[in-house]
Every structure is written in structure tokens, then in C-alpha cells.
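In terms of my numbering, the sequence shown has 1254 at position 165, counting the first letter as 1, and numbering is strictly consecutive.
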Amino acid sequence: MLIAKITDSDFYGGEPQYVDDQTGYNIRGVLYDHNGNLALMKIENTEYYKLPGGRIEITETPEQAFIREINEQTGYNAEIIAYLGWIEEHKLKKKLCTVSHCFAARITDDKCDDDVLENAQKRLGFKLEWIESSKAMEMFTRFDSEQKDYQINFTVKRELLIMQKAETAIKEKDC
């Protein structure tokens, strides 16, 4: 199920334009701890965050890729609790369309592999932080309203949509 198509028009106005020729496939999602906090990756030397995620390897399903990326980026093992759908990012300036399959997951235990986490932080340039869900939503809403950087515009909008979709999915599962 399509969550959204994000285009340059979301930030600069005008009619949406879609990119068909260059497509990359990724996974992204919300990782919850046992207290309902979200795992956010703080982008080094900025005030911005992103959700765990990355590329889908050719031999993987989106589900396998998401669990692998969570482990590689956070040091935690996790289980998927919901498939949320996908988001298309049509970046006209870059002539690139990125399709991100989106998930909600939770850690399976409180044991973090600190070596994996430390390696990921050095290699990828971000730091894991656990943030209460409503605070994370407030942060991303603020980022969305004040962001001017082309790439970060897309990232912030995508992450906010994923968090909103995850909150709805979790509430539906609890009912």
C-alpha cells in the first residue's frame, strides 16, 4: 500500500513531477524499545535525525533487509510487528526516484551489541538515541517546517510520514 509520493512540489510548489528512469529500493522504519521509545539515528554534526534503514541487497527480501539494517545500525536484534507500505521520493533535481518499504519493529531483548553499534557510528556518521515517540514526532514536525536543504527536506518528510503511519498501525493492533 502506497503511503505517499513525495516530490519537489511538496517543498517548492507547482505541479508534482515524477521520475521514472532511475529507481533505488530501500527500507526504513520505526524501531521501538520495550518502553515505547523510538530508535533515531542522529546525523553527525547536525541537529537532524533519521530512522534506521538502508538499501535492499539483491539476495534479500525487504523484511530481511530491514532486520539486517536494524542490527547493523543499532546493535539490537528485532522483530517486525507491521509492514506499513512504501513511500516514493521523486527527486527531480537528482533525477532519482527512491522507493522505501516501511516497517515497524521492536527489539527482541535489551542486549545491545556494543561493538556493532560503535562500528556503525564510526562508519555511518550517526549516533543512536532512544527518544519518546511524541517527542520524536514534535522534533520532526519542527524540522519539516524549518528545513531548507534539498535532501534533508525529503528525509524529514519521509521519516515523519513513517512515524505517523507506525503510530496508527500500533494503535490498530492494540485494539
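Beta carbons are placed, not taken as given, at the ideal position from N, Cα and C, and that holds for glycine.
Problem set entry | Local conformation of Ile1287 per DSSP, three classes | Since the first residue shown for the chain is 1090 and the last is 1264, residue 1287 is missing from the structure and cannot be characterised.
For this session: For Pro1105, count neighbouring C-beta atoms within 10 Å of its own C-beta (all shown protein chains included) and say buried if the count is 16 or more, exposed if not.
Result: exposed
Exercise. Alpha carbon to alpha carbon, what distance is there between Thr1096 and Tyr1107?
Worked result: 7 Å
Exercise. Can you tell which of Trp1175, Leu1173, Asn1166 has the C-alpha that lies nearest to the C-alpha of Arg1195?
Worked result: Asn1166
Exercise. Where DSSP assigns a beta bridge to Tyr1138, which residues make up the other side?
Worked result: Lys1131
Exercise. Quick one: what's got a C-beta closer than 8 Å to Cys1264's C-beta in the same chain, skipping five residues either side?
Worked result: Note on Cys1264: pLDDT 49, under 50, position unreliable in the model; the coordinate value appears next. Excluding sequence neighbours, Cys1264 sits near nothing in its chain.
Exercise. Can you name, in chain order, every residue of its own chain whose Cβ lies under 6 Å from the Cβ of Gly1164, other than the five neighbours on each side?
Worked result: Cys1201, Asp1202, Val1205, Leu1206
Exercise. What's the gap between the Cα of Ile1169 and the Cα of Val1119?
Worked result: 10 Å
Exercise. When the distance is taken between beta carbons, is Val1188 closer than 9 Å to Gly1142?
Worked result: no
For this session: Quick one: grab the DSSP three-state call for Cys1264.
Result: Because Cys1264 carries a pLDDT of 49, less than 50, the predicted location of this residue cannot be relied on, and no value is offered for it.
Problem set entry | Rounded C-alpha distance that separates Lys1131 from Asn1208 | 15 Å
Exercise. What residue ranges within the segment 1173 to 1244 form continuous alpha helix (DSSP H) runs of no fewer than 4 residues, ordered along the chain?
Worked result: 1203 to 1213, 1222 to 1235
For this session: For the alpha helix (DSSP H) holding Ile1159, just list the boundary residues, first then last.
Result: 1151 to 1163
For this session: Please determine if the segment 1134 to 1148 and the segment 1171 to 1178 are in contact, where contact requires at least 3 C-beta pairs separated by less than 8 Å.
Result: no
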